[in-house]
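Protein chains in written order, with this note's numbering: chain A, 2 to 343; chain B, 2 to 343.
Below is one structure, written out as C-alpha cells, with a few remarks after it.
Protein chains: 2
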Amino acid sequence: MVSVIIISVLEKGYLLFYDIRIMAKKKQYAIGVDIGGTNMPCSLVDDKGKILRTIEKKTLPEQGADSLALRISESVKELLTYFKGRLKKGTILGVGLGVPGILDHKRGEIVTCPNLPGWKNVPIIKLIKQKLKMPVLMDNDANCAVIGEHWIGAAKGTKNAILLTLGSGVGGGIIIDNKIYRGSHGVAGELGHITIVAEGALCGCGNHGCLEAYASANAAARTAKERLRKEEVISTLREKDINKITAHDIFLHAEAGDIFSKNILFESGKYLGMGIATFANIFDPDIIIIGGGFSDAEKYLLPAAIDEAYKRAFKHVMDKMKIKKAKLGNNAGMIGAARLFF
Amino acid sequence: MVSVIIISVLEKGYLLFYDIRIMAKKKQYAIGVDIGGTNMPCSLVDDKGKILRTIEKKTLPEQGADSLALRISESVKELLTYFKGRLKKGTILGVGLGVPGILDHKRGEIVTCPNLPGWKNVPIIKLIKQKLKMPVLMDNDANCAVIGEHWIGAAKGTKNAILLTLGSGVGGGIIIDNKIYRGSHGVAGELGHITIVAEGALCGCGNHGCLEAYASANAAARTAKERLRKEEVISTLREKDINKITAHDIFLHAEAGDIFSKNILFESGKYLGMGIATFANIFDPDIIIIGGGFSDAEKYLLPAAIDEAYKRAFKHVMDKMKIKKAKLGNNAGMIGAARLFF
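In C-alpha cells form, the structure reads like this:
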C-alpha cells in the first residue's frame, strides 16, 4: 500500500487535505452484453478481458424493449447465480451493453436502431435497472468492438485505430489517443454511412451510395442476386433459390471455385478499399481493423481492398498504416461492453 | 500573484515541498507565416490572436526551398526591426509556418506539396533556423487555419470541429477534444481526398472521385469549361475566353444573374454537402466550418450543401451540428501558425 498526503495552502488561507491510499488491487469483473439482430450473448469478463462464461439468449426485437430488458436481466441473474460463492463479494461492477444503434448517452436511451425495427427512444438503461439492482452502462456495438480490440485484440498497443465491422451492415468504431471517440452528441463513428458512390445504391439509412450499400454482406448478396436475375452469367449459385442467396453462400461457392462468386467478393473488397482509403486520408491511424461475420471472407476481400486503398490513399499514410483482420471475433462486443467498467 | 504550497509525505518518510508562484503573465507574441501557392503573408500575432503587422512576399516556389527560406527570414527580420524597442525583450517566442503539404514532424521536413511542384523531402525547419536564430515550428496550412478558427474564430468554444478550406483544392483540419488531430504519422485531416464518386473525375492526388475533384474552385472551373465546350448551354460566360474561366468568374456571372453559373455553384455545393454528410456521420462534431477563397460564393454553395447534407447524414447529428462559414478569412493561417507557440 502507498499512502500519499497532499496539503495545499492557498493564499486566502484555505487548507486542503488529501489522503490517498492505493490498495493492492482486487480482481474485478463486469458483465458484457452484445445485443445483435438475432442473438444476445451475455458474458462475465474479468479485468484482463478474459471471458469466464457466456449465456446466449435470442434478441427477439419484435417482442419489444421490456421483453429484451427482461431477457438481459435473466441472463445476468443466471451468471450471478453461477458465480455466487466463487467470486469475492462486490467484485462484479455492473452490466455493459453493446447496442446496435444511435444512442443518447445523457438520457440513457436508444434513439434509433436500423436493425431493430420500431425501436425509437427506448430508455433501455432504466428498463434494465428496474430489473437488476446494478450499475448499467452502454455504448454502440461497434464502439464496444473497437474498445475490445484495442484492449486485448488486433489494435492493442496502438494509439489511433479504426474498426470496420462487416456484417449485414457496416459498423465503425474510432479510437483516438487511446480513447473511444464518441463525438459531440454520442453518435460518431457511423463509418458505414459515408458516401462513396454519389448517386449509388439505396442504403438502409435512407442515403444513396453509402459504404454499407457496397461493402456489407447484404450488399454482396444483393449484387449477386441482381446479376443472376438480369445477366446471363454462369455460376454454381444458380443451383440455389436465387432469392435466398446469402453472403455466406457466395463465400462457400467462391471456396468451391465459382468465378462469379469470387468476383462478387473481390468487388465488395474493392469498395471496402475505397472506405479504407477514405479513413486512411482522414485519420492517418496506426491501424484499420476489419471485423464482423463477413470478414471471414477476408481471403477475397482484403487483397482487393488493400490494392484499391493503395491506389487511392496517400502513400505516406499507407506505407505506415496496418490493415488487419479483427482478433476477438464474436467476443469483441461483450469484452468491450464489459470494459466500459474498468 | 497566487502562491501554492504543496507538501507531500510518502509512507517511506520522503518529504516533497513545492512552492509554485504564478506570476502576472507578460504579454507574448509569435510570428505566423502562411505559405500559399502564390503569396506568403508573415504576421506578428499577440497571445490573444490579434495581428499587429503583416508583411507579404511572393512564394515563388519555382525558385526552390533555399530561396523560400531566405524570403521567410527576410520577412521575419523586417518585422523584428519594426517592433524593436516597442516590445519587451524575449517576448517574441518564435516563427510558426503553415505549409500546404504533407509534413514529417519528426524530421521537420516537407514530404510533398501538391501545389509546390518538385518540393519533396525539404528540411524547411533546418533551412530557416540557419538564417534565423529563433525557434521554428510548422503545421499543415489547413491545420493552422482550424487552430486559428478554434482559438478566436467560428469554432471558438467548441470541443470537436471540422474545417474544410475550399480553394484551388480542398483542405481540411480536425479539432478533437479541443486539440488539433494530426494522426499517427502527422498526415491526418486530408479531408479533400475522400472518395465520393467511385469512378469519378481524376484528382490532383492521383485518385479518382475525390471531394476535391468536385467541390473545389478548380473543379467548378473545370466543370464549367467542359460543359461550355461540349454542350449547347446558354451562359454569359461565353463572352470570356473559355480556357481562362475561373471559379471567381463563375461567381461574378452568377451574381449578375447567369443561370448556368448559378447551377455550377449549386452543383459544387451539392458535392460539398456529400462531404459534410460524410464528416457529420464520422465525427458527429459541434461544427463544420467552410473556409477558403471559394467559400466567398457561400450564398450559392451553402444552401445547396446543407440541403444535400440533410438528405444524407443522420438527422440526430444534423439537428445538433452547426455549419458555418469561417470567420478569420485569409488571416486564419497566420493566426493558427503563431498559435503553435502559445
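Even for Gly, the Cβ is constructed at its ideal location relative to N, Cα and C.
Small disclaimer: the values here were computed from a predicted structure and weren't measured.
- Counted as a single uninterrupted DSSP element, the stretch harbouring Gly-276(B) is not any beta strand (DSSP E) but the alpha helix (DSSP H) occupying residues 260-284.
- Secondary structure at Ser-44(A): strand, using DSSP grouped into helix, strand and coil.
- Note on geometry: alpha-carbon atoms of Ala-248(B) and Gly-38(A) lie some 49 angstroms from one another.
- Put simply, the stretch 225-232 of chain A does not touch the stretch 176-188 of chain A. Fewer than three CB pairs are less than 8 angstroms apart.
- Within the stretch 183-207 of chain B, those residues whose Cβ lies closer than 9 angstroms to any Cβ of chain A are, in chain order, Arg-183, Gly-184, Ser-185, His-186, Gly-187, Val-188, Ala-189, Gly-190, Glu-191, Leu-192, Gly-193, His-194, Ile-195, Thr-196, Ile-197, Val-198, Ala-199, Glu-200, Gly-201, Cys-206, Gly-207.
- Counting only runs of 4+ residues, no alpha helix (DSSP H) is found wholly inside the stretch 28-78 of chain B.
- Contact of Thr-39(A) with chain B is not assigned, every C-beta pair being separated by 8 angstroms or more.
- The beta carbon of Lys-27(A) sits closer than 7 angstroms to those of Lys-89, Thr-92, all from its chain and outside the five residues before and after it, given in chain order.
- Residue contact check for Ala-278(A) against chain B: a CB pair falls below 8 angstroms.
- The secondary-structure analysis by DSSP pairs Gly-99(A) across a beta bridge with Asp-35(A), Asp-140(A).
- Within the stretch 278-292 of chain B, the residues whose Cβ lies closer than 7 angstroms to some Cβ of chain A are Ala-278, Thr-279, Asn-282, Ile-283, Phe-284, Asp-285, Pro-286, Asp-287, listed in chain order.
- Distance check between Arg-223(B) and each of Lys-134(B), Asn-244(B), Cys-206(B), Lys-300(B) places Asn-244(B) closest, using alpha-carbon atoms only.
- Residues of the stretch 148-161 of chain A with a C-beta less than 9 angstroms from any C-beta of chain B: Thr-159, Lys-160, Asn-161, listed in chain order.
- Within the stretch 300-317 of chain A, the residues whose Cβ lies closer than 8 angstroms to some Cβ of chain B are Lys-312, Arg-313, Ala-314, Phe-315, His-317, listed in chain order.
- In the structure shown, Gly-172(A) adopts extended strand secondary structure according to DSSP, grouped into three states.
- For the pair Gly-210(B) and Lys-271(A), the Cα-to-Cα distance works out to about 14 angstroms.
- Three or more Cβ pairs closer than 8 angstroms define a contact, and the stretch 116-131 of chain B falls short of that threshold against the stretch 308-318 of chain B.
- Ala-339(A) and Lys-51(A) have their alpha carbons spaced roughly 10 angstroms apart.
- Residue state for Glu-110(A) is assigned as strand, using DSSP reduced to three classes.
- Taking C-beta separations shorter than 6 angstroms and ignoring five residues to either side along the sequence, the partners of Glu-57(A) in its chain run Asn-40, Pro-42, following chain order.
- Lys-121(B): not part of any alpha helix (DSSP H); member of the beta strand (DSSP E) spanning 121-123, first to last residue.
- Distance from the CA of Tyr-215(A) to the CA of Ala-155(B), rounded to the nearest whole angstrom, comes to 36 angstroms.
- Using beta-carbon distances, Ile-73(A) does not count as an interface residue toward chain B, since no partner is under 8 angstroms.
- Counting only Cβ-Cβ distances below 8 angstroms, Lys-321(B) has contacts in chain A at Ser-185, His-186, in chain order.
- Against chain B, the beta carbon of Ile-251(A) has no neighbour under 9 angstroms; the closest one sits roughly 21 angstroms away.
- For the stretch 100-134 of chain A, the residues whose beta carbon sits under 9 angstroms from a beta carbon of chain B are, in order, Ile-103, Asp-105, Val-112, Thr-113.
- Considered as a whole, the stretch 188-269 of chain B harbours no complete run of any beta strand (DSSP E) with no fewer than 3 residues.
- Distances from the CA of Lys-134(B) to each of Ile-176(B), Lys-78(B), Tyr-83(B) were compared; the closest alpha carbon is that of Lys-78(B).
- Chain B has a Cβ within less than 8 angstroms of the Cβ of Met-275(A).
- In terms of beta-carbon proximity, Ile-246(A) stays away from the interface with chain B, with every pair separated by 8 angstroms or more.
- By the CB criterion at 8 angstroms, Thr-82(A) and Asp-287(A) fall outside the cutoff.
- The contact set of Ile-177(B) on chain A, defined by CB atoms closer than 7 angstroms, consists of Ile-177, Tyr-182 in chain order.
- Contact check between the stretch 322-331 of chain B and the stretch 287-297 of chain B: three or more CB pairs, one atom from each, fall below 8 angstroms, which counts as touching.
- For Gly-337(B), the enclosing alpha helix (DSSP H) has its first and last residue at 333-340.
- When secondary structure is reduced to three states using DSSP, Thr-166(B) falls in the strand class.
- In this model, Ala-281(B) and Gly-174(A) are separated by some 14 angstroms (Cα to Cα).
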